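What follows is a short report on a single structure.
Number of protein chains: 2
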Amino acid sequence: MSLLVVGSVAFDAIETPFGKTERTVGGAATYFSLAASLFSPVRLVGVVGEDFAANDEAVFHGRKIDLAGLERAAGKSFFWAGRYSDDLRTRETLRTDLNVFAAFQPKLPDAYRDSSFVFLGNIDPQLQRNVLKQMRRRPKLVALDTMNYWISGTRAELEKTLKLIDALLINDEEACQLAGESNLLRAARSVLRMGPKALVIKRGEYGSMMFHRDSILAVPAYPLEEVHDPTGAGDSFAGGFMGYLASHAQANHVSLRRAMVYGSVLGSFAVEKLGVERLRAIKRREAESRARQLVRMMHIKL
Amino acid sequence: MSLLVVGSVAFDAIETPFGKTERTVGGAATYFSLAASLFSPVRLVGVVGEDFAANDEAVFHGRKIDLAGLERAAGKSFFWAGRYSDDLRTRETLRTDLNVFAAFQPKLPDAYRDSSFVFLGNIDPQLQRNVLKQMRRRPKLVALDTMNYWISGTRAELEKTLKLIDALLINDEEACQLAGESNLLRAARSVLRMGPKALVIKRGEYGSMMFHRDSILAVPAYPLEEVHDPTGAGDSFAGGFMGYLASHAQANHVSLRRAMVYGSVLGSFAVEKLGVERLRAIKRREAESRARQLVRMMHIKL
Chain A
835 MSLLVVGSVA FDAIETPFGK TERTVGGAAT YFSLAASLFS PVRLVGVVGE
885 DFAANDEAVF HGRKIDLAGL ERAAGKSFFW AGRYSDDLRT RETLRTDLNV
935 FAAFQPKLPD AYRDSSFVFL GNIDPQLQRN VLKQMRRRPK LVALDTMNYW
985 ISGTRAELEK TLKLIDALLI NDEEACQLAG ESNLLRAARS VLRMGPKALV
1035 IKRGEYGSMM FHRDSILAVP AYPLEEVHDP TGAGDSFAGG FMGYLASHAQ
1085 ANHVSLRRAM VYGSVLGSFA VEKLGVERLR AIKRREAESR ARQLVRMMHI
1135 KL
Chain B
835 MSLLVVGSVA FDAIETPFGK TERTVGGAAT YFSLAASLFS PVRLVGVVGE
885 DFAANDEAVF HGRKIDLAGL ERAAGKSFFW AGRYSDDLRT RETLRTDLNV
935 FAAFQPKLPD AYRDSSFVFL GNIDPQLQRN VLKQMRRRPK LVALDTMNYW
985 ISGTRAELEK TLKLIDALLI NDEEACQLAG ESNLLRAARS VLRMGPKALV
1035 IKRGEYGSMM FHRDSILAVP AYPLEEVHDP TGAGDSFAGG FMGYLASHAQ
1085 ANHVSLRRAM VYGSVLGSFA VEKLGVERLR AIKRREAESR ARQLVRMMHI
1135 KL
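Line by line, the protein sequences give chains A and B.
Here the first sequence is numbered in the numbering used here, starting from 835 and rising by one per residue.
Here the second sequence is numbered in the numbering used here, starting from 835 and rising by one per residue.
Rendered as structure tokens:
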């Protein structure tokens, strides 16, 4: 079923102990689309600058990613540079040049307005609402990402947006910040009262959790021998999660639980190589194999 | 079935943002016994000083904990004082007076020498081996705890001991230190080559994992709204794990997986109140209820 993503397409300069890239195509919508398109066609809405060349766009080729919504604006593309610590647990942002992304006003091509599954990437919560206003009908499921910048800077706007969505995908720190609460369980309950029916907490190497009012699910991270670049892990998680749901055309408790496994799996692929390299190469059957392994790692009957 | 634990019985002075105790009965063998005895009778081997009064011993009453192996030596009991940070994530040791524990030489009462399940708490690896030498026959399962002090200070002795055991229960940092490896999966594989057939990694609020040569299990921590004192969480985990196994008289893949759930559950009770207060109060049915909830939090079918 139709899956729409709105978010950043950027150039990244990434430094890790395992290698570096001077300028590789990244951005949340890029990681999301590459992960999600393993399961479902993706419609992308984003903006790039005049420096975004045909061979940059090639990153999306070979996958069912519709670029009709990828606007080209005068100026330069969003550029981000970061350096990871030796254990990859922390990173320093060396540069953030928003460039054309600073004035991004998501405009949905007419053909996108009937999308059944919508992922609103980490942008101004007012713009996230504008996307929903452009939809011809209420999507089956709207999921949202956000970050500390919007939680502290535009809280009232964010709270309005939260009332309109079904699922919020953030990390544990963001959930605690949003709730003003250091205990994760209490924070989750407080966030669920703000609107979303499902709260997905991404915890990196410690896995992920999904909270509903009446249930909790915990999914481990797929254990990896080699982690080379954490960039985009959360966006790839969201892509696997939403791509799986869209491919099954439904968002009930059972499919949401399964979607968490695919989120975890796609997050695991994303970090194995620099930038989007590994994500571009994976096959559906590799993802299915990891999903089965992950479910076996959770299997207990009392 | 018979379960033996060898380890510390101590007085603890604990300071947390939620309260403090000046002198409460603690120590690894205490937490372990209180947790394990919910499932199985426990035989305790440890040492206390002349300051350990009848009403201190009362902490063990009302549970099937055999104290024939609790030696009383001239001098003072092991004393530990620590203070936790506001978020309970770090703690500062204010004082460690080993006292009678410094010269601890575990001596098994004759009736203990046929124990089927043995937990060797965190003591000198040479002493851990001495315990095994006192057994009349090879137990069904021997599990072991250790710490950075022994890993760096007495590595050769520890490696000898590791060859004799079935399961090692440590935290992720200890596993990485033992393997000389920062990646947890590679560390786990390396530790399994040292002897134990099962490696249990305790990760606090992030849950626990069990590694075998051919399988991995991940169990979440039971989510809590109130965490008041992390002291003894790992020992209580070990107690729940071993107590469950002993009560089922077997240690196969299925029972080991279930035991991980009970480990997680007992660890969750331990941290809810100061010292051993919560552990002393819990009922078997409360533990069963949490175990069922935890299994529901892991339930996914693809």
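All C-beta atoms, glycine included, are put in the ideal place defined by N, C-alpha and C.
Owing to the predicted nature of the structure, the values given are computational and were not obtained by experimental measurement.
Among all the DSSP beta bridges, which residues are the ones paired with residue i?
i	result
residue 1042 (chain B)	B:1036 and B:1053
residue 1005 (chain A)	A:1036
residue 854 (chain B)	B:849
residue 975 (chain A)	A:951
residue 930 (chain A)	A:914
residue 860 (chain B)	B:844
For residue i, would you say it is in contact with chain B, using Cβ-to-Cβ distances shorter than 8 Å as the test?
i	result
residue 1116 (chain A)	no
residue 1017 (chain A)	yes
residue 1059 (chain A)	yes
residue 865 (chain A)	no
residue 1125 (chain A)	yes
residue 872 (chain A)	no
residue 1131 (chain A)	yes
Residue i versus chain B: which residues are under 8 Å apart at the beta carbon?
i	result
residue 1025 (chain A)	None at all; the shortest Cβ gap to chain B is about 14 Å.
residue 876 (chain A)	Simply none; closest approach about 22 Å.
Along chain B, which residues have their Cβ under 9 Å away from the Cβ of residue i?
i	result
residue 921 (chain A)	1016
residue 1092 (chain A)	1134, 1135 and 1136
How close, in whole Å, do the beta carbons of residue i and residue j come, if the pair is a contact with beta carbons under 8 Å?
i	j	result
residue 881 (chain B)	residue 938 (chain B)	5 Å
residue 879 (chain A)	residue 840 (chain A)	4 Å
residue 873 (chain B)	residue 1080 (chain B)	7 Å
residue 1085 (chain B)	residue 974 (chain B)	6 Å
residue 1104 (chain B)	residue 1112 (chain B)	7 Å
residue 893 (chain B)	residue 1114 (chain B)	7 Å
residue 1003 (chain A)	residue 1028 (chain A)	With 8 Å as the limit, residue 1003 (chain A) and residue 1028 (chain A) do not qualify as a contact, their Cβ atoms being about 14 Å apart.
residue 836 (chain B)	residue 948 (chain B)	7 Å
Start and end of the alpha helix (DSSP H) containing residue i?
i	result
residue 985 (chain A)	982 to 987
residue 1073 (chain B)	1067 to 1082
residue 964 (chain A)	959 to 967
residue 1019 (chain B)	1018 to 1026
residue 1123 (chain A)	1118 to 1131
residue 1111 (chain B)	1111 to 1115
residue 871 (chain A)	From DSSP, residue 871 (chain A) is part of no alpha helix (DSSP H); its letter is neither H nor E.
residue 1095 (chain A)	1087 to 1104
Determine the chain A residues that contact residue i at a beta-carbon separation under 8 Å, and present them in chain order.
i	result
residue 838 (chain B)	Those do not exist, as residue 838 (chain B) stays about 26 Å from chain A at its closest Cβ, beyond 8 Å.
I want to verify the contact list: residues of chain B whose CB lies under 7 Å from the CB of residue i, in sequence order.
i	result
residue 794 (chain A)	A question about residue 794 (chain A) goes unanswered here, because the residues of chain A that appear run from 835 up to 1136.
residue 1028 (chain A)	Simply none; closest approach about 18 Å.
residue 976 (chain A)	Within 7 Å Cβ-Cβ: nothing; residue 976 (chain A) doesn't reach chain B, min ~23 Å.
residue 1020 (chain A)	1059
If I follow the unbroken beta strand (DSSP E) through residue i, where does it start and stop?
i	result
residue 891 (chain A)	Run containing residue 891 (chain A): none in the beta strand (DSSP E); it sits in the alpha helix (DSSP H), 888 to 891.
residue 921 (chain A)	From DSSP, residue 921 (chain A) is part of no beta strand (DSSP E); its letter is neither H nor E.
residue 905 (chain A)	899 to 906
residue 837 (chain A)	837 to 840
residue 877 (chain A)	876 to 882
Beta-carbon of residue i versus every beta-carbon of chain A: anything under 8 Å?
i	result
residue 918 (chain B)	no
residue 893 (chain B)	no
residue 1040 (chain B)	yes
residue 1095 (chain B)	yes
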